[in-house]
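Residue numbers (this note's numbering): 4 to 264.
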Ligand code: F6R
């Protein structure tokens, strides 16, 4: 796991966008795993600017989103289907139907989930997965207690996650759905490169456990310690509880340019 402590969230966004740009230049038809929420917004803003400047194209790329609320009407502005289009997909040049996501209105959710896994596999697997992290250590919506090798399935959101996400539902926790469909921890672990971005001190405890704690279902993101290629982009707040913070800074500062991220 490579940990990069950035001066602010905008710098983390620039580094994340640079990693994705390099991937698409190497492999224009790369498969991207897309997260919603606040954390990746700086990456998406930077990618949209790079696309406008003609520096990167998503015309051949494909995407799979991580998760979706169960039961929200299709025209609800907070479905992750609609959010990822507003925040990213519609701002760049993905081909029509190149970005897929879980169907929160599927009548047979288990069948949908196995079809979703099959679609990711048929696309050749995810080349680069963008992740945020919840204050309770979730990635995707794999809440504490999730199986460390889970695949796409329905999950119950914790009260903490519903409190955290009430800001998208007029501050009213009762409007936040209780269930979601999420890629599992095993699904996320199958991605070839994981780029996790976190900002703000509310994420500091989860980030500390993820990078330095014991691997445990209590802090689901700790499974990433077993992944061979994870890049973690943090601002100072999110990095503030790291025990080995100075070591990560020295390592990154001394890193030769040719090594890349
Ligand atoms: C979103 C997702 C979640 C978020 C996490 C952090 O698709 O899977 O794991 O990444 O809840 O959310 P933000 O970034 O809004 O703090």
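Positions of the beta carbon are idealized from the N, C-alpha and C atoms, including for glycine. Note that the coordinates shown come from a computational prediction; the quantities given were computed from them, not determined experimentally.
* Of all the options 22, 55 and 124, which has the alpha carbon lying nearest to the alpha carbon of residue 194? -> 124
* Taking Cβ to Cβ, would you say residue 129 is nearer than 7 Å to residue 200? -> no
* Any chance the CB of residue 219 is under 6 Å from a heavy atom of the ligand F6R? -> no
* Cutoff 6 Å; reference residue 112; Cβ partners in own chain excluding five residues on either side -> Cβ neighbours of residue 112 beyond the five flanking positions: 157.
* **CA nearest to the CA of residue 12, picked from 44, 102 and 82** => 44
* Verify whether the separation of the beta carbon atoms of residue 135 and residue 186 is less than 7 Å. => no
* Asked: Can we count residue 188 as close to the ligand F6R, meaning its CB is less than 6 Å from some heavy atom?
  -> no
* **For residue 240, the nearest candidate out of 198, 174, 246 and 207 (CA to CA)** => 207
* Whole-angstrom distance between residue 22 and residue 59, CA atom to CA atom -> 11 Å
* Asked: By how many angstroms is the C-alpha of residue 214 removed from the C-alpha of residue 243?
  -> 13 Å
* Asked: What is the rounded straight-line gap between the Cα of residue 211 and the Cα of residue 264?
  -> CA-CA distance, residue 211 to residue 264, rounds to 21 Å.
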